[in-house]
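K.L.:
If you want this note's numbering, it's the 1-based position in the sequence shown plus 11. In this text, a Cβ means the ideal position worked out from N, Cα and C, and glycines have one as well. None of these values were measured; they are calculated from a predicted model.
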Amino acid sequence: MNLVDIVNQDHLNPKVKDLPNFKSGDTVAVHTKITEGTKSRIQIFEGVCIAFKQRGDINGHFRVRKVSNGTGVERVFPFHSPNVEKVVIIQKGKARKAKLYYLRERSGKSARIAIDYDRKED
12 MNLVDIVNQD
22 HLNPKVKDLP
32 NFKSGDTVAV
42 HTKITEGTKS
52 RIQIFEGVCI
62 AFKQRGDING
72 HFRVRKVSNG
82 TGVERVFPFH
92 SPNVEKVVII
102 QKGKARKAKL
112 YYLRERSGKS
122 ARIAIDYDRK
132 ED
């Protein structure tokens with residue numbers, strides 16, 4: 012085991028195993044810890060998961076997009092970030108692609124993703 016692997020093992024987040032099994036197209040609420048000065052609080056970012064990268068890896072992250080006041084907002088959340096408290100699945104979406112970047116150009120009804128009623132609970 013080289014030095015890079017040892018450093019990566021030290022920075023792994025144990026909460027990653029508690030994250031639910033969600034995928035692109037799902038509407039999720041990500042609870043993140045926000046620190047302002049000496050105070051910290053939990054802020055919820057709710058939107059559609061549009062991309063994944065290397066789910067189990069130290070470099071893995073997922074991208075969540077929401078529309079706030081008519082403006083699209085995207086945030087990237089690393090899986091092993093200590094600021095991600097938990098992820099809650101709000102709605103399971105039926106997506107045929109792994110990356111839903113086409114939602115960036117769409118608005119209104121064309122930006123909706125169909126609900127997947129057939130997907131089983133994990």
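Do the CB positions of F90 and V27 come within less than 9 Å of each other?
P.N.:
yes
K.L.:
Residues in its own chain within less than 6 Å of A109 by CB, not counting five upstream and five downstream?
P.N.:
S35
K.L.:
Leaving out five residues before and five after Q54 in sequence, what residues of the same chain have Cβ atoms less than 6 Å from its Cβ?
P.N.:
T43 and I45
K.L.:
Would you say the stretch 121-129 touches the stretch 96-111, given that touching needs at least three Cβ pairs under 8 Å?
P.N.:
yes
K.L.:
Which two residues bound the contiguous beta strand (DSSP E) that contains I17?
P.N.:
Membership of I17 in any beta strand (DSSP E) is not indicated; the residue belongs instead to the alpha helix (DSSP H) covering L14 to D21.
K.L.:
Can you tell which of E85, R74 and D21 has its C-alpha closest to the C-alpha of Q65?
P.N.:
R74
K.L.:
Out of P25, Y112 and V95, which has the shortest C-alpha to C-alpha gap to F56?
P.N.:
V95
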